[in-house]
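Report on the structure given below.
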Amino acid sequence: MVFPIQSSSSPGRAAHAVSRLRAVRLAASAKPFVARGSGGGRCEGCRLVASHCVCALRPQAHTRSGVCLIMGDIEALKPSNTGWLVADIVADTYAFGWSRTAVDPGLLALLADPQWQPYLVFPGEFVSPERVVTDIPHTGSTPEAHGRKPLFVLLDGTWSEARKMFRKSPYLDALPVLSLQPEDVVSHYRLRRSSRETHFCTSEVAALCLALAGEVQAAHALANWLDVFTTHYLSAKRGTPLDRTSAAHRELDALREVNCQDAEQGPAHRL
């Protein structure tokens with residue numbers, strides 16, 4: 145079964161940047177893209193088989209930071225892509241396909257937008273020391289609190305794809321490079337294998353960035369969202385029992401209750 149073009153990221157919510165990029169990429173394909181395990185049909189909102197849909201569990205989090213995903217050729221098409229999960233949580237998520245010979249004008253406009261301070265997230269060992277930053281100002285509740293809002297630019301693909309994008313994208317050369325140093329953090333990513341144990345998946349990197357910006361609740365929501373998505377994905381793939389009472393499930397339930405209470409009390413409660 146061909147994986148369907150997404151019309152909305154979940155019932156009642158508009159399609160986010162990654163789902164829109166996916167639709168564009170599918171429309172441009174010479175032949176249909178068939179995801180592994182698609183025989184039983186997949187949910188348009190979460191890309192999982194319908195029996196393991198997680199749309200009802202999707203958390204909400206208020207963020208001031210933004211995320212810009214520059215994605216490898218077929219990354220947006222993969223059901224295991226975790227940049228999609230970032231767009232589920234961070235409202236200001238932007239997604240662009242990468243090409244060695246051309247750059248999307250919308251990407252250049254975003255990087256030049258004065259409301260944002262872009263940070264290219266990449267290991268500092270690959271650039272000169274003067275470009276490297278390891279910390280950023282915590283975001284405030286208003287634009288005046290800390291000036292421009294942080295925009296985390298993530299190269300979304302395999303490690304070899306990310307290195308190629310990094311080397312062959314001259315429009316990124318002027319950006320400060322945010323080098324994350326999560327000495328006490330261990331990757332829990334289980335959907336694909338990596339050649340390096342120190343590698344983190346895209347949503348894990350985004351969560352680390354949000355935490356660094358002081359947006360701890362959003363970082364926590366994204367981490368649990370990845371955990372729940374992974375549990376459902378692997379259960380469907382392996383045909384194993386699905387544990388809907390895991391710690392991550394309970395965390396998302398608690399977050400939804402908080403969101404409902406905030407909605408009932410109105411915007412003034414969150415100030």
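Each step along the sequence shown adds one to the number in our numbering, with nothing skipped, and position 80 is 224. Backbone N, C-alpha and C define an ideal beta-carbon position, used for all residues, glycine too. Source: prediction; values computed, not measured.
Helix, strand or coil, according to DSSP, for residue i in the structure here?
| i | result |
| --- | --- |
| Q361 | helix |
| T346 | helix |
| P287 | In this predicted model, P287 has a pLDDT of only 47, less than 50, meaning its place in the structure is not dependable; the value taken from the coordinates is given anyway. If DSSP states are grouped into helix, strand and coil, P287 belongs with the helices. |
| F266 | coil |
| S151 | Residue placement at S151 is flagged as unreliable, the pLDDT there being 31, under the threshold of 50; a coordinate-derived value is accordingly withheld. |
| A161 | helix |
| I214 | strand |
| K308 | helix |
| L170 | helix |
| T302 | coil |
| A256 | helix |
| V402 | helix |
Going by CA-CA distance only, name the one from the options that's closest to residue i.
| i | options | result |
| --- | --- | --- |
| S323 | L264, A380, D248 | L264 |
| W242 | T226, E305, L386 | E305 |
| A235 | R275, E219, C212 | C212 |
| L251 | S313, F373, S209 | S313 |
| L386 | C190, L170, D257, V198 | V198 |
| E188 | A158, A363, T302 | A158 |
| V277 | A357, A239, T346, P258 | A357 |
| L255 | F240, R244, G268 | F240 |
| G227 | E348, P258, G291 | E348 |
| H282 | T374, R191, S209, Y377 | S209 |
| C353 | R311, L295, F373 | L295 |
Looking at residue j and residue i, is the spacing between their C-beta atoms short of 8 Å?
| i | j | result |
| --- | --- | --- |
| A392 | D371 | yes |
| Q261 | K293 | yes |
| Y315 | V247 | yes |
| I214 | V297 | yes |
| A350 | V271 | no |
| R186 | V193 | yes |
| R275 | A220 | no |
| H160 | T237 | yes |
| G216 | D300 | yes |
| F200 | I233 | For the record, residue 200 in the displayed sequence is Ala; it is not Phe. In this structure, I233 does not lie closer than 8 Å to A200 by Cβ. |
Given that a residue counts as buried once 16 or more other Cβ atoms are within 10 Å of its Cβ, and exposed if not, what is residue i?
| i | result |
| --- | --- |
| K222 | buried |
| A365 | buried |
| S195 | exposed |
| N225 | buried |
| T389 | exposed |
| T245 | exposed |
| S163 | buried |
| W369 | buried |
| A380 | buried |
| A367 | buried |
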